[in-house]
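Notes to accompany the following structure.
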Amino acid sequence: MPRKKAPEITFQEHIADYLSREHSYIKLKQSEITDSEHAIAEDHLWAFLKATQKAALDKLAVEYGTDARDEVFRSLRAELRHTPMWMLLRHGLKVRGLEFRLFYPKPRSGESVANALYDENRITFRHHFTFGDNHHEIDFVLFLNGLPIVALEVKHEKNQNVHDAVAQFAARDHRHRIFQHPFLYLAADTSDVMAATDPRREANFRWHNTGLSNEPISKSGKEYPVEFLYREVLSQVQLLESLSFFLIRVPERVAEEDRPSRKAFTIFPRYHQSRMVRNVADDALAHFIKTGNVGRKYLIQHSAGSGKTLSICWLADRLHSLFKPESSEKLVNLIFILTDRKALDKNIKDDIEHFSHLKDVVGLARRAADLPRFLKARKPIIVTTQQKFEWVLEEIRKNEALKRLRVAFLIDEAHRSQEGKMGVAIRLPFRNSDTPDTDLPEDDEEEKIAKIIQANDRNQLFVAFTATPAPATVTLFGEAFDTYSEAEAIAEGYIVDVAASIISYKTLYHLHCPVVPKPDEERIYPVGVVAKALKNVAFKDDGLIQYKSEVMLRIFEESIMSMVNGRAKAMIVASSRVAGLRYFEIIREKLRERLADYKVLYAFSDFVHPETNAAISEHAVNELKTGEQIEDRFEAEDYRLMVVANKFQTGFDQPLLAGMFLDKPVMDRNAVQTLSRLNRCHEGKQDVVVVDFTNNAKAILKAFAKYRQGSPFEPADPDEHQCTKLHEEILATGVFTPTDAHEFVELLAKGTDAQAQFRVNALREKFRNTITDREQRKGFVYLLARFVKRFHFLTCFFTYPDDIQQFAVFAEYIGLQLIKQGSVSDLMKQIRQTQVVKAAVQFKGEVRSGGPIKLKPGKRGAGKGPPSKKVSVMDMIARIRTEYDISDEEALYIKTVTDEKVADTVIRSTVRIHCDDRVYLEGAYRINVNGQIQGSYGDRGRYNELGDIKYTDTGGIFDIMAVTVIQHHLSDAGGIHA
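Mapping to the working numbering: the sequence shown position 666 is 671, numbers consecutive.
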């Protein structure tokens with residue numbers, strides 16, 4: 006009987022066959038990669054140059070004769086010392102004054118004669134690419150015309166996962182050019198993909214999935230869940246499109262007074278970004294072919310953390326490059342990017358500057374005269390603010406020449422920002438300067454824009470980007486054309502879940518009016534206006550503001566200030582600009598009294614104070630320099646608090662924001678938008694704090710529930726002693742059924758590996774949907790593993806029914822694939838180190854730095870390790886001092902935290918329950934206690950220890966502390982034998 010292939014080899018061969026069969030890629034031999042240092046298949050590049058640029062080669066040969074080829078490759082290697090490979094592919098190579106194209110992009114114009122040249126591009130691939138003296142391997146490297154462009158590492162979830170592939174990239178010797186030249190490094194398993202343009206750090210790899218879970222595109226049952234990877238991402242069309250269009254080079258930045266230095270780097274779009282751009286462009290072109298106009302509307306519902314600004318820039322670039330079929334005439338003549346307010350122009354400006362090829366076609370209308378000038382000059386891409394929307398449409402209506410143009414409007418989120426209001430001139434006479442900034446007549450900005458679009462639905466293309474669409478927007482645009490949900494952004498680590506918990510206060514007040522109007526002077530007003538006006542009186546009260554300011558400072562200093570590695574900032578949302586001014590003045594004074602080392606700012610739109618008639622200016626109040634933006638001042642380390650009324654409640658990107666104090670009610674979309682200011686990720690930012698003084702927490706959580714759903718599940722506690730009991734406990738959780746196991750085992754016997762992995766993907770989704778808590782998921786996986794281990798051990802002596810035997814096969818296969826946190830689930834790795842031998846279990850773990858724990862076999866079948874030696878906390882510290890150089894301060898924290906865990910009743914109870922299962926205590930539960938210890942260090946702000954490998958390494962100080970705690974409780978439970 007032939008030996009069965011390893012699952013990973015089966016998966017690799019499936020991809021290799023697909024690349025050859027469906028994409029017609031040629032397999033390279035290792036010997037064809039003649040420049041091993043730079044990983045270049047020189048004959049392939051030379052053949053491309055001869056086929057496409059013979060005239061230029063002939064000119065070079067006149068001067069260099071038979072050395073012309075050597076001169077080309079000398080020039081290429083010289084350029085590669087300082088220029089990324091993909092930039093040479095995009096811009097070409099200069100050799101002695103002659104220009105050589107290293108590939109030809111797909112012609113954008115239908116009349117272009119470059120189609121024949123485009124067809125000369127050749128993509129090849131090397132399966133099991135080897136490099137270095139030790140012949141290390143990369144699973145796949147793809148080449149374009151002989152030049153390396155993509156490296157791919159794949160894992161099969163039966164044994165490893167995508168995180169192992171990432172770790173493999175990060176652990177390589179990056180001096181080898183194969184880790185410098187390709188523009189894309191892909192790590193994948195059978196159901197997930199991650200991507201990076203620089204493979205040197207694991208943190209550089211970002212998720213590159215189609216959604217929360219991947220599914221095969223074809224319904225044949227023969228493809229893996231990541232079919233989109235080898236079908237789409239690695240297709241010639243998309244790879245060449247990335248080279249000619251999507252890739253962006255962000256240049257090096259030297260250190261300045263307010264900005265650190267930054268090395269140059271390359272940006273590759275996330276999957277949802279490229280998907281949206283392609284689909285909008287393709288649909289717009291198809292609509293034009295069908296109708297002869299571009300009058301379409303697209304709603305792009307992309308969450309915060311989606312990279313929306315870059316998405317808008319990529320879409321503008323793509324629309325600008327579209328041509329009418331079989332013509333050299335542009336499909337879209339003018340493109341307007343409408344931002345939320347002028348402050349957001351900075352985001353668009355910064356990102357669009359990286360699109361160097363658009364330098365001459367983009368106009369940033371920052372001054373009043375810019376917009377008419379750009380319109381007159383027919384600037385192809387114009388960036389302006391949303392309050393200019395009606396003006397632009399009116400200009401198009403009035404001008405016959407403009408009317409004939411096909412125009413696209415890309416509209417960034419139309420939130421309720423003070424400077425983003427349209428029709429301000431109409432409302433100004435009726436507006437009191439102390440009216441809360443959210444008090445807009447009837448509709449919010451997004452709804453107003455929707456109505457304007459409805460009235461101007463001619464030969465114009467509208468694309469609206471929003472995370473929380475207004476009802477009017479949905480009515481106008483229909484369902485979202487492309488969606489990247491908040492759940493995806495949170496799952497992929499791009500934003501923090503800001504609605505996890507809210508601290509709620511209720512502002513109590515009693516109002517009394519001493520003046521009674523005469524009967525003939527009594528007036529009636531809308532109930533809502535009266536209620537809001539009365540509430541404003543309360544929320545402006547100095548006494549209340551004084552009290553709440555003190556509470557805010559206490560919470561900030563006790564709970565927020567130490568977050569984000571001690572750099573956290575917080576936002577105070579006041580009910581009005583007048584109330585915001587009082588908050589600012591009171592908090593500033595309190596900070597001075599405390600001699601605090603941090604400061605407060607107040608961001609607002611200038612207004613006239615209703616009581617003093619004084620002009621209140623943001624620049625004057627904050628003492629800003631001429632031209633200085635308040636958001637730039639807030640970047641400084643010593644500014645930790647910002648008071649706002651409505652400005653920056655939306656559209657403000659500050660990753661260090663970790664706290665928010667709400668002193669005005671926020672509802673529905675406004676609640677989601679406001680709290681979402683906290684969701685930007687930053688190194689060291691794990692949680693956020695929201696404090697609501699309006700007793701409005703339920704309404705806020707209800708608003709978030711519209712966009713995200715989830716229900717916690719409490720699995721039953723497992724009984725580890727009997728195989729049948731464990732089987733019953735697993736079934737009792739409701740995650741998997743005997744039918745699941747039976748059908749899966751049948752599929753393993755009769756189906757393909759691809760079908761099995763597709764089914765694993767579905768079972769994993771079922772698992773995730775049933776158990777939402779991360780720790781509970783780990784508990785369930787451990788329950789499966791204990792069942793499998795117990796089954797294998799006990800079958801040496803007993804015969805179990807078919808249903809239990811089938812479930813054991815099922816559990817062993819899927820157990821390793823359920824959790825994809827870290828490198829091959831650390832939990833399952835620990836369990837895998839338990840070696841089963843007849844009538845004995847031998848556990849192999851690690852406790853010392855650099856060496857494994859070697860536990861002697863215990864009693865037959867009992868699953869126990871050797872007796873543990875009881876050790877005191879001071880003995881443990883003495884041991885640590887002999888192995889590590891620690892200070893007295895560190896020793897004090899080690900003692901304090903260890904004592905804390907020794908006193909922890911939950912840990913004590915767990916150890917007593919499992920005192921006979923030393924495999925669990927020394928393995929998975931040791932890791933659990935280690936994590937709790939690290940959490941205690943985090944609570945105390947001891948980030949140096951958390952980043953020190955002598956603490957965090959396996960067998961390091963945290964591990965020693967965890968083992969000490971467990972041994973202490975074992976002793977109390979009678980688990981220590983004299």
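Where is the CB? At the ideal position from N, CA and C, for every residue including glycine.
In this text, all values refer to a predicted model and were calculated from it rather than measured experimentally.
- Residue 84 sits close to residue 98, with the two beta carbons spaced by under 8 Å.
- Short of 8 Å from the beta carbon of residue 763, and not among the five residues preceding or following it, lie these beta carbons of its own chain, in chain order: 220, 221, 226, 228, 229, 230.
- Under DSSP, residue 685 takes part in a beta bridge, and its partners are 500.
- In this structure, residue 791 sits near residue 731, with a CB-CB distance shorter than 8 Å.
- When beta bridges are read from the DSSP output, residue 574 appears opposite 662.
- Boundaries of the alpha helix (DSSP H) harbouring residue 888: 878-888, taken from the DSSP string.
- Looking at the backbone, the Cα of residue 475 and that of residue 256 are separated by about 38 Å.
- Within a 10 Å sphere around the beta-carbon of residue 187 sit 16 or more other beta-carbons, which makes this residue buried.
- Around the beta carbon of residue 182, 16 or more other beta carbons lie within 10 angstroms, which makes this residue buried.
- Residue 414 sits close to residue 467, with the two beta carbons spaced by under 8 Å.
- Contact between the segment 777-793 and the segment 812-823 is present, with at least three C-beta pairs closer than 8 Å.
- From the listed residues 268, 314, 634, the smallest Cα separation to residue 258 is found for 268.
- With a cutoff of 8 Å on beta-carbon distance, residue 573 and residue 663 are scored as near each other.
- Per DSSP, the beta-bridge partners of residue 40 are 45.
- Your pair residue 340 and residue 370 does not check out as a contact, with CB atoms roughly 13 Å apart and the cut at 8 Å.
- Beta-bridge analysis with DSSP links residue 99 to 104.
- With respect to the C-alpha of residue 37, the residue from 129, 304, 20, 73 having the closest C-alpha is 129.
- By the CB criterion at 8 Å, residue 614 and residue 578 fall outside the cutoff.
- Within the same chain, 916, 919, 971 come within 7 Å of residue 926 by CB-CB distance, once the 5 residues on both sides are set aside.
- Counting along the chain, the unbroken beta strand (DSSP E) around residue 368 starts and ends at 367-369.
- Residue 141 is bridged by DSSP to 136.
- Within the same chain, and ignoring the five residues on either side of residue 174 in sequence, the residues whose Cβ sits closer than 7 Å to its Cβ are 158, 190, 192, 204.
- In terms of Cα proximity to residue 392, the closest of 368, 384, 417, 409 is 417.
- Beta bridge pairing from DSSP links residue 199 with 192, 212.
- Between residue 305 and residue 469, the beta carbon gap of about 7 Å places them in contact (Cβ cut-off 8 Å).
- Contact between the segment 55-73 and the segment 159-174 is not established, with fewer than three Cβ pairs separated by less than 8 Å.
- DSSP places residue 157 within a strand segment (E or B) once states are collapsed to three.
- A check of alpha carbon separations from residue 935 across 684, 969, 680, 127 identifies 969 as the nearest.
- If you draw a 10 Å sphere on the C-beta of residue 58, you find 16 or more other C-beta atoms in it, and that means buried.
- Its Cα nearest to that of residue 661, the residue 690 stands out among 265, 760, 690, 931.
- By a beta-carbon distance limit of 8 Å, residue 547 contacts residue 587. Their separation comes to about 6 Å.
- Here residue 392 carries a helix assignment [DSSP, helix/strand/coil].
- Excluding its 5 nearest sequence neighbours in each direction, residue 125 has C-beta neighbours in its own chain below 8 Å: 53, 56, 57, 109, listed in chain order.
- Setting aside the 5 residues that flank it on each side, residue 684 is surrounded in the same chain by 309, 310, 500, 501, 503, each with a C-beta closer than 7 Å to its C-beta; the list follows chain order.
- Beta-bridge analysis with DSSP links residue 386 to 340, 367.
- Scanning 198, 706, 197, 931 for the CA closest to the CA of residue 674 turns up 706.
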